[in-house]
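Working notes for the structure below.
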Amino acid sequence: MYSKNRKLKNSLLDNKQHADVRNTEEITNEQRTLLYELSQQHLTINELESLKNLVEKVRQRTMGKSQKYAIYKNNRSLMKEIMDHPNVLNLIKHTLKKQNYVALNDIINLFLSIQKDSNVLTSKLKQLSDRTAPVTDFVWIEYLSGTAGKELLRRMGYEYVARNVFRKISGEHDELFELHIRYPKLVFSHETALYHHNLTNVLPRFTVCSVDINYNNQTLNNTPNLRVIRDKNFDVAENTVVMPTNQGNYAQFTNIYKTICDIMNPKYSVDEEIRSKVVIDYMKREDADHRKLLRMAKKEGVYEEILQIVEVVLNNES
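Residue numbering for the sequence shown follows my numbering, starting at 10 and increasing by one per position.
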């Protein structure tokens with residue numbers, strides 16, 4: 010382990026000419042101190058790997074454009090050859106078989122694991138992979154994060170949604186999940202949240218979401234079949250919960266207490282049959298907690314409306 014640390018230390022020293030520190034090529038006292046402390050440490054394999062990637066990241070960042078392009082050009086054809094290998098493509102296809110949605114980062118991590126798994130690589134592919142040994146994980150990540158990774162997903166039958174998330178063209182589309190990906194600050198609420206909390210079996214005619222009153226996104230505002238509620242006192246940390254959609258993907262919803270209070274707010278227009286039943290139906294649940302509900306009701310200004318119903322239900326039970 011010590012020899013590995015010494016080797017890594019020497020590698021750092023060899024690359025000091027690339028350091029962009031106060032426009033000088035001289036190593037600073039701070040760098041020298043850090044290198045000395047590093048040489049005295051006994052690092053784990055994972056720590057060594059992380060440190061190597063950090064060194065490579067700094068080296069890539071400070072390298073001249075012509076130097077960086079030369080390295081990239083020399084290895085690009087080899088990297089593409091590995092990506093196009095049938096063994097690699099078949100494994101990725103098999104892994105993605107049941108996934109309607111996939112993030113580009115998932116593909117990158119899967120591809121990096123393939124490179125390190127000798128059981129997956131045939132001898133010929135292993136030889137090809139070894140030829141790219143100078144190409145570190147950082148270089149692979151940069152390569153796959155660009156058009157190469159996106160093109161790979163398109164070849165697998167996926168199309169772009171937003172924020173480096175892709176969906177299978179032939180798969181079932183999840184409207185709520187896609188809205189969550191496109192607009193991470195929105196939270197599904199009111200009738201939409203009520204349905205997903207199993208407090209109604211009536212499928213909402215349109216999707217309802219809540220956002221901070223200062224959030225303004227014209228694309229969101231113009232989304233069809235979407236009702237946007239602007240809440241000036243919305244606390245995402247306290248009022249939300251992550252739950253699965255009908256298709257099993259995860260998105261943010263208002264928690265059950267906030268959802269009930271939103272429905273019970275007289276200022277909100279909702280079917281009166283839903284409003285009249287929501288508290289009663291909640292109180293019938295085994296996990297009902299009327300104290301938490303009433304605490305939320307106080308904050309939301311609907312305490313009296315909910316208290317009356319809670320008291321009636323509790324009196325009938327006693």
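No residue lacks a Cβ here, since even glycine has one placed at the ideal position from N, Cα and C.
Which residues in the same chain have their Cβ closer than 7 Å to the Cβ of residue 172, if we skip the five residues on either side of it in sequence? In chain order, 190 place their CB closer than 7 Å to the CB of residue 172, counting only its own chain and leaving out the 5 sequence neighbours on each side.
Round the Cβ separation of residue 117 and residue 153 to the nearest angstrom and send it over; I've been treating them as touching at under 8 Å. Going by Cβ atoms, the distance from residue 117 to residue 153 rounds to 5 Å, so yes, they are a contact pair.
Which same chain residues end up closer than 7 Å to residue 121 when comparing Cβ atoms and leaving out the 5 residues on each side of it in sequence? Same-chain partners within the cutoff: 146, 149.
Meets three-Cβ-pair contact criterion under 8 Å: the stretch 299-306 and the stretch 252-271: yes
When burial is assigned at 16 or more other CB atoms within 10 Å of the CB, is residue 222 buried or exposed? exposed
Buried or exposed, going by whether 16 or more other CB atoms sit within 10 Å of the CB of residue 200? Around the beta-carbon of residue 200, 16 or more other beta-carbon atoms lie within 10 Å, marking it buried.
How many angstroms separate the CA atom of residue 160 from the CA atom of residue 114? 14 Å
Work out the CA separation of residue 51 and residue 243 for me, nearest whole Å. For residue 243 and residue 51, the distance between alpha carbons rounds to 48 Å.
Roughly how many whole angstroms lie between the Cα atoms of residue 272 and residue 284? 6 Å
Check whether the stretch 243-257 and the stretch 182-197 are in contact - that is, three or more C-beta pairs closer than 8 Å. yes
Please state if the CB of residue 111 and the CB of residue 167 are separated by a distance shorter than 8 Å. yes
Enumerate in chain order the residues of its own chain whose CB-to-CB distance from residue 179 is below 6 Å, with the five nearest sequence positions on each side excluded. Taken in chain order, the list of residues that qualify is empty.
Nearest-angstrom Cβ-Cβ length linking residue 290 and residue 208, presumed shorter than 8 Å: Contact flag correct, Cβ pair sits at about 6 Å.
Within its chain, find whatever has a CB closer than 8 Å to the CB of residue 232; leave out the 5 residues flanking it on each side and keep chain order. 188
Write down the C-beta distance between residue 134 and residue 94 rounded to the nearest angstrom, noting that I regard them as a contact closer than 8 Å. 5 Å
Counting only beta-carbon separations shorter than 8 Å, does residue 121 have a partner in chain B? No chain B appears in this structure, which consists of one protein chain only.
Could you give the C-beta distance for residue 249 and residue 235, rounded to a whole number, given that I count them as a contact under 8 Å? Not a contact, Cβ separation roughly 18 Å.
Got a sec, what are the start and stop residues for the alpha helix (DSSP H) residue 169 sits in? Careful: residue 169 lies outside any alpha helix (DSSP H), inside the beta strand (DSSP E) at 167-171.
Going by DSSP, name the residue or residues bridged to residue 275. Looking at the DSSP assignment, residue 275 forms no beta bridge with any residue, so it has no partner.
Just the Cα atoms here: how many angstroms apart are residue 170 and residue 318? 44 Å
Check this for me: beta carbons of residue 197 and residue 260, under 8 Å apart or not? yes
For residue 37, the first and last residue of its enclosing alpha helix (DSSP H): For residue 37, there is no enclosing alpha helix (DSSP H), as DSSP gives it neither H nor E.
Whole runs of the alpha helix (DSSP H) within the stretch 215-291, excluding any shorter than 4 residues: Runs of the alpha helix (DSSP H) inside the stretch 215-291: 227-230, 245-248, 265-273.
According to DSSP, what are the bridge partners of residue 89? DSSP, once it has assigned bridges, lists no residue as partnering residue 89.
Does the distance from the CB of residue 129 to the CB of residue 100 come in under 8 Å? In terms of Cβ geometry, residue 129 and residue 100 form a close pair [threshold 8 Å].
In the DSSP assignment, find the unbroken alpha helix (DSSP H) run with residue 152 in it and report its ends. 146-154
Helix, strand or coil for residue 192, going by three-state DSSP, please let me know. coil
If we count the other Cβ atoms within 10 Å of its Cβ and call it buried at 16 or more, is residue 43 buried or exposed? exposed
Nearest to residue 177 (by Cα), restricted to the options 109, 155, 164: For residue 177, the closest C-alpha among the options 109, 155, 164 is that of 109.
Close beta carbons around residue 238, own chain, < 6 Å, minus the five adjacent residues each side: 219
Can you tell me where the beta strand (DSSP E) with residue 177 in it begins and where it stops? 174-177
What's the gap between the Cα of residue 54 and the Cα of residue 60? 10 Å
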